[in-house]
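To keep things clear, I will list the structure first and then write my remarks on it.
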C-alpha cells in the first residue's frame, strides 16, 4: 500500500510504503504524483519505505526511472529522500539512484526521517 500526503508547512510530499510493493504499484504512484501535485515548481518527496518489501526486479528499475524522468519534466526540480532499513531495499535504491539522477532530479538514501528532512530543507 502507498499513501501520500502533502505537508503544507514543510512543502514536502510525505509518502509511506507499507507491505509488498510491486513495480506496478510504484508506476501508479508516479502517475498519481504527476496528476495531483501539478502546482509545485520544486517537488520535495520523502519516501518512508521502512515498512515495505520491494518486490521489484533489478531489470525493472529502468522502467521506473524512465517514468519518473517523464513525470519530473513538469517540475523545475525534484528532490527525493528515501528512508530504508533493509539490505535488499537499500541495494535496489542504490541502483535506482544511479538511473534517476539528472540535472533536475536528486535522490538520496537515509536511515532516519529526521536526516531526510534536514537534507530536503536545504532546497
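In the numbering used here, the protein residues as written are -8 to 114. We put the CB at the ideal spot given by N, CA and C, even for glycine.
Over what stretch of residues does the alpha helix (DSSP H) that includes residue i continue unbroken?
{"i": "residue 77", "result": "Taken as a continuous stretch (DSSP letters only), residue 77 belongs to no alpha helix (DSSP H), as it is neither H nor E."}
{"i": "residue 152", "result": "Residue 152 falls outside the range modelled here, since the chain spans only -8 to 114, and no answer is possible."}
{"i": "residue 7", "result": "Segment 3 to 13 is the beta strand (DSSP E) holding residue 7; no alpha helix (DSSP H) there."}
{"i": "residue 105", "result": "104 to 111"}
{"i": "residue 51", "result": "From DSSP, residue 51 is part of no alpha helix (DSSP H); its letter is neither H nor E."}
For residue i, report the span of its beta strand (DSSP E) as first-last.
{"i": "residue 93", "result": "Residue 93 -> no beta strand (DSSP E), and no H or E assigned at all."}
{"i": "residue 0", "result": "Counting along the chain, residue 0 falls outside any beta strand (DSSP E), and DSSP gives it neither H nor E."}
Thinking C-beta only, is residue j closer than 7 Å to residue i?
{"i": "residue 73", "j": "residue 40", "result": "yes"}
{"i": "residue 35", "j": "residue 111", "result": "yes"}
{"i": "residue 75", "j": "residue 100", "result": "yes"}
According to DSSP, is residue i part of a helix, a strand, or is it coil?
{"i": "residue 30", "result": "coil"}
Exercise. Would you check if the region 38 to 47 and the region -4 to 12 touch, i.e. whether three or more CB-CB distances between them fall below 8 Å?
Key: yes
Exercise. Kindly confirm or deny that the region 104 to 112 and the region 75 to 88 touch, where touching means at least three C-beta pairs closer than 8 Å.
Key: no
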